[in-house]
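Student:
Now the structure itself:
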């Protein structure tokens, strides 16, 4: 992995949010690459329940300040950054007062999905890509974790399809156990189409449930990792039927070498002599 550039885009990363399969692997995988001499960047949303003072987040003025258009509205993009203690790994936070100030991640205190989770996902995907463009940092691999991050493959392959910085970037999506039971806003497909994407690229989003959002990510990715021991049967079948490199579930204790081999041999196609 030496000198390989890997961009990790995740909805959750420890130590900033509680430990889950997603937040744990979004920390362990970059740490593994970092220890092997690779270059990494980690991006996540700056949810309002992240303690900025304790984790020493600070705004990066030179990266902040642009507006992203979401469903015909200008939404200011704020970029914050922090370093994971003892790991020498920087995490970039995508922030916006309207989308991420509330003191929760995906649901309200009654467990109901936030009405604007679809727009938050669009904003996060665009925000990550625009920030990486400002950093002028061309990743070899972009590894996506969590459904809130899962619109990034769609936007990168379509809305930003001609962006030279990502010309040779390969997208890996990890698919985890079911993320939510309801559907996101029924207007989600229309909001994505507002950005000029082709109808066939967002066909799944006509019903924006967990399975269909992940299918959209899978369609626009170069390789797939099964991130949980059990994933929805519909998604397992969908993955089995696509002709792309795929890696079966690996636990936190065994993933290291498997991910390294998958990244280099299957995703980047650097076969060993």
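In UniProt numbering, the protein residues as written are 1 to 273. Glycine residues also receive a C-beta, built at the ideal position from the N, C-alpha and C atoms.
1) With DSSP as the reference, label residue 238 as helix, strand or coil.
2) Which value, in whole angstroms, describes the spacing of the CA atoms of residue 40 and residue 138?
3) Determine which residues share a DSSP beta bridge with residue 183 and list them.
4) Alpha carbon to alpha carbon, what distance is there between residue 11 and residue 144?
5) Pull up the distance between the alpha-carbon of residue 220 and that of residue 153, whole angstroms please.
6) Given this structure, state the Cα-to-Cα distance separating residue 256 from residue 72, to the nearest angstrom.
7) Determine the closest residue to residue 218 out of 269, 156, 251, with distance taken between C-alpha atoms.
8) Please say whether residue 16 and residue 30 have beta carbons closer to each other than 8 Å?
9) Name the two residues that bound the continuous beta strand (DSSP E) containing residue 95.
10) Taking DSSP as the reference, what is the three-state secondary structure of residue 273?
11) Looking at the secondary structure, which residues open and close the alpha helix (DSSP H) in which residue 73 lies?
12) Tell me the residue span of the alpha helix (DSSP H) that contains residue 154.
13) Between residue 150 and residue 213, is the Cβ-Cβ spacing less than 8 Å?
14) Over what stretch of residues does the alpha helix (DSSP H) that includes residue 50 continue unbroken?
15) Quick one: Cα of residue 268 to Cα of residue 47, how far?
16) Pick helix, strand or coil for residue 102, following the three-state DSSP scheme.
17) To the nearest angstrom, report how far apart residue 50 and residue 56 are at their CA atoms.
18) Is the segment 156 to 167 close to the segment 90 to 104, with three or more CB pairs under 8 Å?
19) At the level of alpha carbons, what is the spacing between residue 67 and residue 6?
20) Below 8 Å on the Cβ atoms is my guess for residue 207 versus residue 183; work out the distance and round it to an integer in Å.
21) Would you say residue 1 and residue 210 are within 8 Å of each other, going by their C-beta atoms?
Tutor: Quick answer:
1) Here residue 238 refers to the residue found at position 238 of the chain shown. Residue state, collapsed to three classes: helix.
2) For this step, residue 40 is matched to residue 40 along the chain shown. For this step, residue 138 is matched to residue 138 along the chain shown. One C-alpha to the other measures close to 11 Å.
3) Against the chain shown, residue 183 aligns to sequence position 183. According to DSSP, which records beta bridges pairwise, residue 183 is partnered with 209.
4) Your numbering for residue 144 matches position 144 in the chain shown. Your numbering for residue 11 matches position 11 in the chain shown. For residue 144 and residue 11, the distance between alpha carbons rounds to 9 Å.
5) As a position in the chain shown, residue 220 is number 220, starting the count at 1. As a position in the chain shown, residue 153 is number 153, starting the count at 1. Distance between the alpha carbons of residue 220 and residue 153 is about 5 Å.
6) As a working mapping, residue 256 is identified with position 256 in the chain shown. As a working mapping, residue 72 is identified with position 72 in the chain shown. Answer to the nearest angstrom: the Cα atoms are 43 Å apart.
7) One-based indexing of the chain shown puts residue 218 at position 218. Looking at the Cα atoms, 156 is the closest of the given residues.
8) Here residue 30 refers to the residue found at position 30 when the chain shown is read from its first residue. Here residue 16 refers to the residue found at position 16 when the chain shown is read from its first residue. Against a cut-off of 8 Å, the Cβ pair of residue 16 and residue 30 comes out as no contact.
9) Counting from 1 along the chain shown, the entry for residue 95 is found at position 95. Residue 95 -> beta strand (DSSP E) spans 89 to 95.
10) By 1-based counting over the chain shown, the position of residue 273 is 273. The predicted model places residue 273 with a pLDDT of 45, which falls under 50 and marks its position as unreliable; any figure quoted below should be read in that light. The answer is coil: DSSP assigns residue 273 none of H, G, I, E or B.
11) Translated into positions along the chain shown, residue 73 becomes position 73. In the DSSP assignment, residue 73 falls outside any alpha helix (DSSP H) and within the unbroken beta strand (DSSP E) covering 73 to 76.
12) Your numbering for residue 154 matches position 154 in the chain shown. Its alpha helix (DSSP H) spans residues 152 to 157.
13) Taking the first residue of the chain shown as 1, we reach residue 150 at position 150. Taking the first residue of the chain shown as 1, we reach residue 213 at position 213. With respect to the 8 Å criterion, residue 150 and residue 213 are classified as neighbours on the basis of their beta carbons.
14) Residue mapping note: residue 50 aligns to position 50 of the chain shown, counting from 1. Residue 50 -> no alpha helix (DSSP H), and no H or E assigned at all.
15) Counted from its first residue, the chain shown places residue 268 at position 268. Counted from its first residue, the chain shown places residue 47 at position 47. Rounded to whole angstroms, residue 268 and residue 47 show a C-alpha spacing of 33 Å.
16) Indexing the chain shown from 1 puts residue 102 at position 102. Three-state result, residue 102: coil.
17) Taking the chain shown and counting its residues from 1, one reaches residue 50 at position 50. Taking the chain shown and counting its residues from 1, one reaches residue 56 at position 56. For the pair residue 50 and residue 56, the Cα-to-Cα distance works out to about 10 Å.
18) Of all C-beta pairs linking the segment 156 to 167 to the segment 90 to 104, fewer than three are shorter than 8 Å, placing the two stretches out of contact.
19) Here residue 67 refers to the residue found at position 67 when the chain shown is read from its first residue. Here residue 6 refers to the residue found at position 6 when the chain shown is read from its first residue. In this model, residue 67 and residue 6 are separated by some 26 Å (Cα to Cα).
20) Counted from its first residue, the chain shown places residue 207 at position 207. Counted from its first residue, the chain shown places residue 183 at position 183. Yes, they are in contact, since the Cβ atoms of residue 207 and residue 183 sit about 6 Å apart, within 8 Å.
21) Residue numbering aside, residue 1 sits at position 1 when the chain shown is read from its first letter. Residue numbering aside, residue 210 sits at position 210 when the chain shown is read from its first letter. Going by C-beta atoms, residue 1 is not nearer than 8 Å to residue 210.
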